Structure formats: structure tokens, C-alpha cells
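**Q** Dumping the structure here so I can ask a few things about it.
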Amino acid sequence: MTKAMILAAGQGTRVRPLTKHTPKPMVPILGKPVMEYLVEHLARHDVKQIMVNVAFMHWKIENYFGAGRRWGVELGYSYEGVREQGEVVCKPVGSAGGMRKIQDFGGFFDETFIVICGDAVIDLDITAAVAEHKAKGAIASVVTLDVPREQTKNYGIVVADADGRVTSFQEKPKPEEARSTLASTGIYIFEPAVLDLIPPGVEFDIGSQLFPLLVEKGLPFFAQSRPFNWIDIGRVTDYWSVTQQVMAGGVAQMDIPGREVRPQVWVGLNTSVDWDKVQIEGPVYIGSNVRIEPGARVVGPTWIGHGSHLRSGAVVERSVLIEHTRIGEGQAVREMIISPQYCVDRSGHTTYVGDELTPLRWGDARA
């Protein structure tokens, strides 16, 4: 049985405002935190012992997942922070530094282990990836995906020889300068011996520091390239795209909850919808205790979080409504992520409630 670590200590600054009050691994997709899909997937491959490094709003992760029994796994947490002037302050020590901190504390990594970023949804065949890692005698493996050359500017690019041995890296190179189109997915497989290369007690990163060190020392470090779905929420615009893809059924093992009352229209409990007086074109999910008034129109792929309220004449198209969002009478929401406090359009532009420059009127359905 392989052990695992989920990286969950970052602030998620690139996806604000989604992470203003929520740690990035807790950002919901189909009503479930991103990290929950990872825990479920690890469990499917018999990875049952998982450490999570945490920092910002760590209690939200710890309170939700607890000891992991609900998923048939054991979960543990490594908090990264310091005491300053009598206050406990979050201070992440980097992805590699977090590994070393866990190891120095209790020696958790005593066999082959996998490290996964806590902000992506994957369906990687972990069993096959670990088998390839062992067959090559690797001390470290990075799982990659081939991306279009024009997208290399968004990723850490891995350069490898014909045998898959890693020779160098490029951090978000311009397409014309990219020496490869293999993007690192933030999925790594390590042997415990790799931890001896990480200096203790300092901030140290896997991609920018540990990996170049492995190449420099000529250690058996390989890139794996295999087909699988990798849905990375690196930016706010990615979140909109991810939800669209998932709602359209583009990812295996991510089923829409609720009861299908019409083709591609699912509802939760206790909804208030006059089906003869609203227009709904799937795929659409309507959460529990959602009210949709007569004359409203919903076009999918759209997710309407529980407790939300669409007033008469409201139009919601290809959007995500966070829980308890109210859309005003006659208002149109198209290709947006919208919550009781803010809305983000497809390009990533954010507007907050009360902004006099926006014509959109929305708010908190609980008020």
C-alpha cells in the first residue's frame, strides 16, 4: 500500500475571491470540496494513509475531513506556522519543506509515496503510475500531460530524454521558447531517500528546488506521460471552465447529485419551482431549498447552490451560483460565478455587491 501526501497549505491567491473565506482545497465542485475527490480517488487505489500539510484556514479542512473514516482512509495533518508576538501565524515551508517537516516529526514516509496538489481533480491510474515508477527504479517521478504548445506559458514544463529521464525544467516558458510540451501536473511519486536531499527547517519547493537538485546529482528521476483527466483550478477562470466541463459530463466519477426530474435537470430536496412557468435547459442542477419564481430562465451547464433564489424574469446561463445567492427580478447572469458577496465573469473580472458601476443586482438570499 502506497502512502500519500496532499499539499493544502497555500493561500490560493490566484483564485480569489473564491478563496477569500475558503481554503483552496475546500472550493466546491458539484457541491463537494476539490480535496474530497482526491481522497476518494486515493482510496480507490488502496492508498489509505494520507498526510495533509495545512496552514491558511486549516481548521476548515480539518473539521470537514476529520480522521478520514467517512472515506475509509486515515488522515493526518501537519500544521505549518510560527508564534509571533504571542500569536500563531501561518507560515508554509514550501511543498518539499512540508514533506521534510512531516518526516522529521514522525517518520511517516517509510515506503514509496505519492504527493498530490490539493487543488485539482484527477482520474489518474495511480496503481499503474506507481508500478511504472518502481519498474524504472526511480527515486522520483513526475506525472506529466502533453499540452498544446500555446499553453506552455501556463505550466511548469518538463524536458526529458527518449527514456523519460528528466534533464531540465522550464517555468512557464513562452511557446516559442518551450523545449517540450510536457506539463507537470503536480502529481509526484517519491522514494523516502529523496527526503535526505531536502534541508530541514527551511522553505523548500519541489518544482523549483528539489527537482533541479535531482537532475544536478544525476539521480534516477523520470517523467511519466499517460492519458488521464487533470482538472487544475489554477485561476478563477479555470473554475468556471471546470464546472462547465463537469456539468457537461466530461469527467468520469463526478456524478451530479440530486434527483433527475427531467432530462439533464437534477434537483435537491425541498425545492420551490413551478415547472410549468419556468424555462430550464439542461444540464442544470438545482440545489435544496432553491426557489425559482415564475418567468425565470435557466440554461446549462449551470449549478445553482442550495438556498438560492431566482426572482421573476431572472436569466441564468452557463453559470455557477454559490449557496444562498439571490438574483434580482429581471436580472441576467451569463457565464459567471456569483455568490452573495461577489460575481466573477468568464474573464476573471470581479465585482462586489454595492458597486454602483455594475447594472447587475444580486445579493444574499438569506436576507
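In this note's numbering, the protein residues as written are -12 to 354. We treat Cβ as the ideally placed atom computed from N, Cα and C, and that holds for glycine. What you are looking at is a predicted structure, and each value in this text was computed from that prediction instead of being measured.
Which complete beta strand (DSSP E) runs does the region 139 to 209 hold, if anything under 3 residues is left out?
**A** If we require 3 residues or more, the beta strand (DSSP E) runs fully inside the region 139 to 209 come out as 143 to 147, 153 to 158, 169 to 177.
**Q** Secondary structure at E322, three-state DSSP: helix, strand or coil?
**A** Reading the sequence shown from its first residue, position 335 is the one you call residue 322. Correct three-state label for E322: coil.
**Q** Flag this pair as touching only if the region 77 to 94 and the region 180 to 188 have three or more C-beta atom pairs under 8 Å; answer yes or no.
**A** With the cut-off at 8 Å, the region 77 to 94 and the region 180 to 188 touch.
**Q** What three-state label does DSSP hand H32 in the structure shown?
**A** Taking the first residue of the sequence shown as 1, we reach residue 32 at position 45. Coil, per DSSP.
**Q** For N50, name the three-state secondary structure that DSSP assigns.
**A** Translated into the one-based positions of the sequence shown, residue 50 becomes position 63. N50 falls in the helix class under three-state DSSP.
**Q** Which term fits V108, buried or exposed, when burial requires 16 or more other beta carbons within 10 angstroms of its beta carbon?
**A** In the sequence shown, residue 108 corresponds to position 121, counting from 1. With 16 or more Cβ atoms within 10 Å of its Cβ, V108 is classed as buried.
**Q** In terms of alpha-carbon separation, which member of A127, I291, G315, G294 lies closest to A301?
**A** Within the sequence shown, the letter at position 314 stands for residue 301. Cα-wise, what sits closest to A301 is G315.
**Q** Alpha carbon to alpha carbon, what distance is there between I113 and V340?
**A** Position 353 of the sequence shown, counted from the first residue, corresponds to residue 340. Position 126 of the sequence shown, counted from the first residue, corresponds to residue 113. The alpha-carbon atoms of V340 and I113 are separated by roughly 43 Å.
**Q** My assumption, with CB atoms under 8 Å, is that A(-9) sits in contact with V21. Please give the rounded CB distance.
**A** In the sequence shown, counting from the first residue as 1, residue -9 sits at position 4. In the sequence shown, counting from the first residue as 1, residue 21 sits at position 34. Contact flag wrong, Cβ pair sits at about 15 Å.
**Q** In whole angstroms, what separates the C-alpha of I220 from that of Y226?
**A** The sequence position of residue 220 within the sequence shown is 233, counting from 1. The sequence position of residue 226 within the sequence shown is 239, counting from 1. Answer to the nearest angstrom: the Cα atoms are 6 Å apart.
**Q** For the candidate residues F156, E23, V60, whose alpha-carbon lies nearest to that of D110?
**A** Stepping through the sequence shown from its first residue, residue 110 is reached at position 123. Checking every option, the nearest Cα to that of D110 belongs to E23.
**Q** By the 10 Å Cβ neighbour count, where 16 or more other Cβ atoms means buried, how is E163 classified, buried or exposed?
**A** On the sequence shown, position 176 is the one that residue 163 refers to. Exposed, by the Cβ-count rule.
**Q** Beta strand (DSSP E) containing W217: first to last residue?
**A** As a first step, residue 217 is located in the sequence shown; it is residue number 230 there, counting from the start. Note, W217: beta strand (DSSP E), 217 to 219.
**Q** For M86, report the span of its alpha helix (DSSP H) as first-last.
**A** Counted from its first residue, the sequence shown places residue 86 at position 99. From DSSP, the alpha helix (DSSP H) with M86 extends over 82 to 93.
**Q** Leaving out the 5 sequence neighbours to the left and right, which residues in its chain are closer than 7 Å to E119 when beta-carbon positions are compared?
**A** Position 132 of the sequence shown holds residue 119. Within the same chain, E119 has close Cβ partners Q211.
**Q** Expressed to the nearest angstrom, what Euclidean distance is found between the alpha-carbon atoms of T168 and P207?
**A** The residue you call residue 168 lines up with position 181 of the sequence shown. The residue you call residue 207 lines up with position 220 of the sequence shown. Taking the straight line from one Cα to the other gives about 21 Å.
**Q** Are three or more beta carbon pairs between the region 193 to 209 and the region 66 to 84 nearer than 8 Å?
**A** The answer is yes - the region 66 to 84 touches the region 193 to 209, with three or more Cβ pairs under 8 Å.
**Q** M13 by DSSP, collapsed to three states: which one?
**A** Your numbering for residue 13 matches position 26 in the sequence shown. It is helical.
**Q** If I follow the unbroken alpha helix (DSSP H) through D263, where does it start and stop?
**A** Position 276 of the sequence shown, counted from the start, is the residue given in the question as residue 263. No alpha helix (DSSP H) contains D263, which DSSP labels as neither H nor E.
**Q** Buried or exposed for N40, please, with buried defined as at least 16 other CB atoms from any protein chain shown within 10 angstroms of its CB.
**A** What you label residue 40 is simply residue 53 of the sequence shown in a count that begins at 1. It is buried - the Cβ of N40 has at least 16 other Cβ atoms within 10 Å.
**Q** Look at the Cβ atom of V277, then the Cβ atom of S295, and state whether they are nearer than 7 Å.
**A** For the purposes of this step, residue 277 is taken as residue 290 along the sequence shown, with counting starting at 1. For the purposes of this step, residue 295 is taken as residue 308 along the sequence shown, with counting starting at 1. Yes; because the gap between Cβ atoms is below 7 Å, this pair is in contact.
**Q** In or out: V75 buried (at least 16 other Cβ within 10 Å) or exposed?
**A** Here residue 75 is taken as the residue at index 88 of the sequence shown, counted from 1. By the neighbour-count rule (16 or more Cβ atoms within 10 Å), V75 is not buried but exposed.
**Q** What's the gap between the Cα of I126 and the Cα of P327?
**A** Here residue 126 is taken as the residue at index 139 of the sequence shown, counted from 1. Here residue 327 is taken as the residue at index 340 of the sequence shown, counted from 1. If I take the Cα positions, the gap works out to 48 Å.
**Q** Ends of the beta strand (DSSP E) at I273?
**A** Along the sequence shown, read from residue 1 onward, the residue named residue 273 stands at position 286. Here the beta strand (DSSP E) through I273 covers 271 to 273.
**Q** Are I243 and V265 touching if we call contact CB-CB under 7 Å?
**A** As a first step, residue 243 must be located in the sequence shown, where it is residue number 256. As a first step, residue 265 must be located in the sequence shown, where it is residue number 278. Going by C-beta atoms, I243 is not nearer than 7 Å to V265.
**Q** Around the C-beta of F95, are 16 or more other C-beta atoms found within 10 angstroms, so that it is buried, or is it exposed?
**A** Walking along the sequence shown from the start, residue 95 turns up at place 108. With 16 or more other Cβ atoms within 10 Å, it is buried.
**Q** If I follow the unbroken alpha helix (DSSP H) through T(-11), where does it start and stop?
**A** Taking the first residue of the sequence shown as position 1, residue -11 is located at position 2. Unbroken run through T(-11): none, as it is neither H nor E.
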